[in-house]
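Student:
2 protein chains.
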Amino acid sequence: ENVVVRGISIERNQAKVTITNVPDKPGTASRIFTTLAEANVIIDVIVQNVSMSGTTDISFTMNGDELEKIGGMLDAVAREIGAGEVKRQKGVAKLSVVGIGMRSHSGVAAKLFECLGHGGVNIQMISTSEIKIAVILDEVKIESAARLAHEAFGLSADA
Amino acid sequence: ENVVVRGISIERNQAKVTITNVPDKPGTASRIFTTLAEANVIIDVIVQNVSMSGTTDISFTMNGDELEKIGGMLDAVAREIGAGEVKRQKGVAKLSVVGIGMRSHSGVAAKLFECLGHGGVNIQMISTSEIKIAVILDEVKIESAARLAHEAFGLSADA
Ligand SMILES: C[C@@H](O)[C@H](N)C(=O)O
Ligand SMILES: C[C@@H](O)[C@H](N)C(=O)O
């Protein structure tokens, strides 16, 4: 399959929110995101990995300036559904490799993770699709990460 | 922001692979995906959530028929990087809601999770972008999930 990397896009000033230990049964994710939708919270990436012993974490990212909009609404939902603590952290950024045909993208993902790894940039979250590989990392590393990614993919600085 | 849901796409016969307890420091993700890329393994979704106490799980999905291609290569990498056990499971499917402008998609995500929750379909993994909300679920539930999603989004059965 032809893989074409078109460019790197970054988004600064993001916050990550994690609802920990969400019971892994139908309906819990719905409660969380219905609450956010009703409050008109704009969210970006949603990530949930598999549960290991009946619970899992659900995280999402959003604009750091919007974080106050959430207030305590998720803490209330977390209690309602029997989840654990809600964690919030500002000062993260998203870097995405955008392309087409990345379904066979273990090579593209490998290249991105490798350049970041060699550059000492820690990857906090990963979420991918056929056209985008997105990683969340510490905002202080975003310029360095963008430079590393441009070099790794042979892109000019404005790609 | 105008959100337009264009359709539902499903992919059956998927497998999920999880490398558990991956040390959350630069370079570990790179080792895993470089190994997969060198073996020409085609992967679909990659999901990694935040680490809680220095380690996190990294999961990916792939065509169920390709699972044997992985053999023991990830177990070797896991040992090398100090990760935990590698888990594999066939019999999952991916359902995606495809659209545009889903950046403000807490509403679209909420609607998808809600119809699945009400229908008793458990969501095993979540990975999203502005144009796609993908969930991984048990393959035996995929027809039911697709029907529920089409109804929830007011789409004809072939959308
Ligand atoms: C954890 C959460 O996604 C749950 N499995 C649900 O289906 O709502
Ligand atoms: C866990 C893994 O993603 C690690 N943080 C890395 O950067 O490679």
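These protein sequences, in sequence, are chains A and B. End of the first sequence sits at 159 in this note's numbering; the numbers just go up one at a time, nothing left out. End of the second sequence sits at 1159 in this note's numbering; the numbers just go up one at a time, nothing left out. Glycine included, every Cβ here is placed at the ideal spot set by N, Cα and C.
Taking the alpha-carbon of D1024/B as reference, which of S156/A, V121/A, A145/A and I131/A has the nearest alpha-carbon?
Tutor: Residue V121/A is the option with its Cα nearest to D1024/B.
Student: With respect to the alpha helix (DSSP H) encompassing F33/A, which residues constitute its N-terminal and C-terminal limits?
Tutor: Note, F33/A: alpha helix (DSSP H), T28 to E38.
Student: Should the region 1143-1154 of chain B be called in touch with the region 52-68 of chain A, which here means at least 3 C-beta pairs below 8 Å?
Tutor: Counting Cβ pairs under 8 Å, fewer than three are found: no touch.
Student: Is D1044/B buried or exposed, if buried means 16 or more other CB atoms sit within 10 Å of its CB?
Tutor: When all chains shown are included, D1044/B counts as buried.
Student: What are the boundary residues of the beta strand (DSSP E) that E11/A is part of?
Tutor: Per DSSP, E11/A belongs to the beta strand (DSSP E) from V4 to P23.
Student: Which same chain residues, not among the five before or five after V135/A, have their C-beta less than 6 Å away from its C-beta?
Tutor: The answer, listed in chain order, is L95, I123 and I126.
Student: So with CB distances below 7 Å, who are the chain A contacts of S1059/B?
Tutor: Simply N49 and V50.
Student: Distance, Cα to Cα, V1077/B vs G1107/B?
Tutor: Cα-Cα distance, rounded: 40 Å.
Student: Please go through the same chain and pick out, in chain order, the residues whose beta-carbon is closer than 7 Å to the beta-carbon of P1026/B, but skip the five residues on each side of it.
Tutor: If we look at P1026/B and ignore the five residues flanking it on each side, it has no Cβ neighbours.
Student: I want to know whether the region 1070-1085 of chain B touches the region 1028-1035 of chain B - three or more CB-CB distances under 8 Å.
Tutor: Cβ pair count under 8 Å is three or more, so yes.
Student: Can you determine whether any heavy atom of ligand 2 sits closer than 7 Å to the C-beta of K94/A, and answer yes or no?
Tutor: No, the beta carbon of K94/A sits no closer than 7 Å to any heavy atom of ligand 2.
Student: Within the same chain, show all residues whose beta-carbon is closer than 7 Å to that of R12/A, passing over the 5 residues directly before and after it, in chain order.
Tutor: Same-chain partners within the cutoff: A93, E139 and I142.
Student: Tell me the rounded alpha-carbon separation between E66/A and F60/A.
Tutor: Roughly 13 Å between the two C-alpha positions.
Student: In chain order, what residues of the same chain have a beta carbon less than 6 Å from the beta carbon of T20/A, not counting five sequence neighbours either side?
Tutor: Counting only Cβ-Cβ distances below 6 Å, and skipping sequence neighbours, we find D57, G84 and E85.
Student: Report whether the distance from the Cβ of N1122/B to the nearest heavy atom of ligand 1 is below 7 Å.
Tutor: Correct: N1122/B has its Cβ closer than 7 Å to ligand 1.
Student: Residue range of the beta strand (DSSP E) that L95/A falls in?
Tutor: V86 to I100 is the extent of the beta strand (DSSP E) around L95/A.
Student: Compare the C-beta of N122/A against all C-beta atoms of chain B and say whether one is closer than 8 Å.
Tutor: Chain B contact via Cβ: present.
Student: With a 10 Å radius around its C-beta and 16 neighbouring C-beta atoms as the bar for buried, classify I133/A as buried or exposed.
Tutor: Buried, by the Cβ-count rule.
Student: Counting only C-beta atoms, is P26/A closer than 8 Å to chain B at any point?
Tutor: Output row for P26/A: interface = yes.
Student: Against chain B, which members of the region 124-152 of chain A pass a CB distance test of less than 9 Å?
Tutor: Within the region 124-152 of chain A, the residues whose Cβ lies closer than 9 Å to some Cβ of chain B are Q124, M125, I126, S127, T128, S129, E130, I131, K132, I133, A134, V135 and I136, listed in chain order.
Student: Quick check on K94/A - is its C-beta less than 8 Å from some C-beta in chain B?
Tutor: Cβ-Cβ to chain B under 8 Å: no for K94/A.
Student: May I ask whether a heavy atom of ligand 1 can be found less than 7 Å away from the beta carbon of A29/A?
Tutor: Yes, ligand 1 has a heavy atom inside 7 Å of this Cβ.
Student: Grouping DSSP H, G and I as helix and E and B as strand, with all else coil, what is F1153/B?
Tutor: It is coil, neither helix nor strand.
Student: Shorter than 7 Å, the distance from the beta carbon of I1058/B to the closest heavy atom of ligand 2, or not?
Tutor: I1058/B: yes, Cβ under 7 Å from ligand 2.
Student: Note down, in chain order, each residue of its chain lying with its Cβ closer than 6 Å to the Cβ of V1017/B, except the 5 sequence neighbours on either side.
Tutor: Answer for V1017/B: F1060 and R1088, listed in chain order.
Student: With DSSP run on the structure shown, which of helix, strand or coil describes D1057/B?
Tutor: In the structure shown, D1057/B sits in a strand (DSSP, three-state: E or B).
Student: Just confirm the distance between the C-beta atoms of M1062/B and I1042/B, as a whole number of angstroms; I'd bet it's less than 8 Å.
Tutor: M1062/B to I1042/B, Cβ: 6 Å. Contact.
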